[in-house]
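**Q** If you scroll down you'll find the structure; I have some questions about it.
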Amino acid sequence: MSWKGIVTINSKDYEFTLNSLTIEELKAQITEISKVSEQKTDLIKITDTNDQNIETDQQVQQSLQDCQLHFFAYFQTDYHFLSISTQTLDFHKHWSIDWKKSNLTAVEIVSQMMKHNEKGLIVVSSLISYWENSTELNIYCNDNKCSFRRLLANDDKVEKIQFGEYWVHILKQELVILDNIDIDGNVYGINCEIRCKGNVNISTQFFISNNCIVDEKLKLYVSPIQWNIKIHHDIPILLQNLQDEANDCLEKQCYEDTIRYLYEALDISIHYFGSHHPYVADLNNTLGICYDQAERYDEAIECYKKSLKIGLSVYGINHGWVANLYNNLGLAYDNNEEYDKAIESGEKALQIRVNIFGDNHENVAQSYSNIGISYGKTGEFDKRIECNTKALMIRLDIFGMNHCEVARSYKDLGMSYSKKGEYNKSIECYEQSLQIRKHLFGNTSRTVADANWNLGFVFEKKNEIKAACRHYEEAWKVYSIILGEYDKETLEVKAKIKVLCDI
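This is the structure in structure tokens:
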């Protein structure tokens, strides 16, 4: 008897046949394949798809029982990449999409500068950093001292690219002397000389190319990370390209194509960085979002759990991205009609966000809103109203009255009162939402039409038919304009008006 299997070497899959389920037979087959793939170094490690080492006959046989005769083989060069995987982009302090985008842009610029033998420094920093606040910061360029603020204003000296709250600053200079700098972000040194004066703090990471000369004093403040083109550029760019393709497919609701791109990226991430890496967690989270939108809720929940397990292990409980994962898991449970689990996950997200951001933050308001939705589906309308009210109070304090999120909160609260049968309070909230939306978007906005529909529905419940008709007619006018006469919602509200007029 023989068994067919697959081994992945350097992201390429090769088929092989095992004549016996032993580790020696597996190594022999992989060694033969390595000659075809031109591996010139020793085989040092074999893992399964879960990144578990395969070292014994029993483990090979267990792979067959698990229907997973798919292995990853690592040779000496591969192991070098794995050994430095902890030096990939850090997400402990900064973890947003903008942080990721700004650093991906930075590494592309690093690669281009190295190809053209250019020298300089690239800094990725938060807007809320010394860039804006320090009055003592100076940079010396080619031995000519100049104010950092004046340097920033000089487009000939510094190129700047913004991604949300982050700036990418590109300084093409042979010599850069940092003086009393507090950088909240990453620094990339490319073939230049970097000297240090005074105190220097780089909060996250400091990457340097082989030909970069770094002041020994600077190394006391931050440990430089040797630039590796494959780990720091090639693989992250490849993974991002696959995620971009996946996101394009997701927008078009092409779910199978989305899943295919994401699993390709996931296989690459596990191959190079292992199964317990932030890249793997991020991809599982995106897979969860895709499955959730495709209404495959059990698979979404499984992906969120995998992502959360990694996130908790890498970042700990009090981390903003971990809160987002609990939030996503709660939404998936809600969609799957597992409301108690949805509330439990939502409460965990809420507590983390309160710990990180305090009570008065939009993310905290979002958590209250999501928990309120689940309470409403369990029939606990008082708790739903309590959550909606807290979300509203936070948003009023942050944004003031005329803001779309405040309008949304009034709408949610109006719906909660309506579900409970407190129609007068519901009408009061819906009218507030309507006035804000008119102020923000004008009278012919879809959201204004929706607000009129909600008011018509509550007035109908109160048997105030004249008021109900008035709001339904306002909704019908706007739907007719923006959706057309034969749209489903236009026809639905038109039918409502006809029925009520016959009463």
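So in the numbering used here, the last one in the sequence shown is 504, and the numbering has no gaps at all.
By construction, the Cβ of each residue, glycine as well, lies at the ideal position given by its N, Cα and C atoms.
Mapping the DSSP letters down to three states, classify residue 397 as helix, strand or coil.
**A** Reduced to three states, the DSSP call for residue 397 is helix.
**Q** How many Å lie between residue 435 and residue 122 at the Cα?
**A** About 52 Å.
**Q** What are the boundary residues of the beta strand (DSSP E) that residue 48 is part of?
**A** Start and end: 44 to 48.
**Q** For the stretch 389 to 402 against the stretch 414 to 433, are there 3 or more C-beta pairs whose distance is under 8 Å?
**A** Output reads yes: the stretch 414 to 433 touches the stretch 389 to 402.
**Q** Which residue wins for smallest C-alpha separation from residue 117, given the options 438, 451, 296 and 173?
**A** Considering only alpha carbons, the answer is 173.
**Q** Mark residue 487 as exposed unless 16 or more other C-beta atoms lie within 10 angstroms of its C-beta, in which case mark it buried.
**A** So residue 487 counts as exposed.
**Q** If the criterion is Cβ atoms closer than 8 Å, does the pair residue 413 and residue 375 meet it?
**A** Result no, Cβ atoms of residue 413 and residue 375 do not sit closer than 8 Å.
**Q** Would residue 319 and residue 361 qualify as a contact pair, given that the criterion is a beta-carbon distance under 8 Å?
**A** The answer is no: Cβ separation not under 8 Å.
**Q** Please classify residue 57 as buried or exposed, where buried requires at least 16 other C-beta atoms within 10 Å of its C-beta.
**A** Classification of residue 57: exposed, given that the 10 Å Cβ count is below 16.
**Q** Straight-line CA distance for residue 101 to residue 28?
**A** Each residue's Cα considered, the two are about 39 Å apart.
**Q** Could I get the ranges of all uninterrupted alpha helix (DSSP H) runs contained in the stretch 410 to 483, with 4 residues as the minimum, in chain order?
**A** List check, alpha helix (DSSP H) in window: 424 to 442, 447 to 462 and 466 to 483.
**Q** So which of 244, 204 and 171 has the shortest CA-CA distance to residue 182?
**A** Selected option, being the one with the closest Cα: 204.
**Q** What residues are listed by DSSP as bridge partners for residue 163?
**A** According to DSSP, residue 163 bridges with 168.
**Q** Which residues in the same chain have their Cβ closer than 6 Å to the Cβ of residue 460, if we skip the five residues on either side of it in sequence?
**A** Cβ within range, chain order: 468 and 469.
**Q** Counting C-beta neighbours from all protein chains within 10 Å, is the total for residue 129 16 or more, i.e. buried, or is it exposed?
**A** Low per-residue confidence applies at residue 129: pLDDT is 35, beneath 50, and the placement is therefore not dependable, though the value from the model is reported in the following sentence. Result: exposed.
**Q** Just to check my reading of the structure: residue 45 and residue 75 have Cβ atoms closer than 8 Å, yes? What is that Cβ distance to the nearest angstrom?
**A** That belief holds up - the Cβ atoms of residue 45 and residue 75 are roughly 6 Å apart, short of 8 Å.
**Q** Pairing CB atoms from the stretch 281 to 289 with CB atoms from the stretch 303 to 312, are three or more of them under 8 Å?
**A** Segments in contact, yes.
**Q** Of the choices 221, 215 and 238, whose alpha-carbon is the least far from that of residue 227?
**A** Looking at the Cα atoms, 215 is the closest of the given residues.
**Q** Thinking just about the alpha-carbon of each residue, which of 456, 445, 421 and 422 is nearest to the one in residue 433?
**A** Considering only alpha carbons, the answer is 456.
**Q** Alpha carbons only, please: which of 30, 36 and 6 is nearest the one belonging to residue 68?
**A** Comparing Cα positions, the closest option is 6.
**Q** So, with DSSP's three-state summary, where would you put residue 19?
**A** Three-state result, residue 19: strand.
**Q** Under a Cβ-count criterion, where at least 16 other Cβ atoms within 10 Å of its own Cβ denotes burial, should residue 502 be classed as buried or exposed?
**A** Exposed is the call here.
**Q** My understanding is that residue 497 touches residue 473, with C-beta atoms under 8 Å, so please give their C-beta distance in whole angstroms.
**A** Residue 497 to residue 473, Cβ: 5 Å. Contact.
**Q** Does the Cβ of residue 233 have 16 or more other Cβ atoms within 10 Å, making it buried, or fewer, making it exposed?
**A** Label assigned to residue 233: buried.
**Q** Using DSSP bridges, identify the partner residues of residue 13.
**A** The partner list for residue 13 (beta bridge, DSSP) reads 10.
**Q** Could you round the C-beta distance between residue 372 and residue 395 to whole angstroms and report it? I think they count as a contact, below 8 Å.
**A** Their Cβ separation, rounded to whole angstroms, is 13 Å, which puts residue 372 and residue 395 out of contact at 8 Å.
**Q** Which residues mark the beginning and the end of the alpha helix (DSSP H) in which residue 261 is found?
**A** Taken as a continuous stretch (DSSP letters only), the alpha helix (DSSP H) holding residue 261 covers 256 to 274.
**Q** Could you tell me whether the Cβ atoms of residue 96 and residue 401 are closer together than 8 Å?
**A** The answer is no: Cβ separation not under 8 Å.
**Q** Which residues share a DSSP beta bridge with residue 357?
**A** According to DSSP, which records beta bridges pairwise, residue 357 is partnered with nothing at all.
**Q** For residue 426, which of 263, 249 and 463 has the nearest alpha-carbon?
**A** Nearest C-alpha to residue 426: 463.
**Q** Compare the C-alpha of residue 126 against each of 185, 92 and 494 and name the closest.
**A** Taking only the C-alpha atoms, the option nearest residue 126 is 185.
**Q** Is it buried or exposed, residue 314, if we count other Cβ atoms within 10 angstroms and call 16 or more buried?
**A** Residue 314 is exposed by the Cβ-count criterion.
**Q** How many angstroms separate the CA atom of residue 292 from the CA atom of residue 274?
**A** Whole-angstrom Cα-Cα distance: 24 Å.
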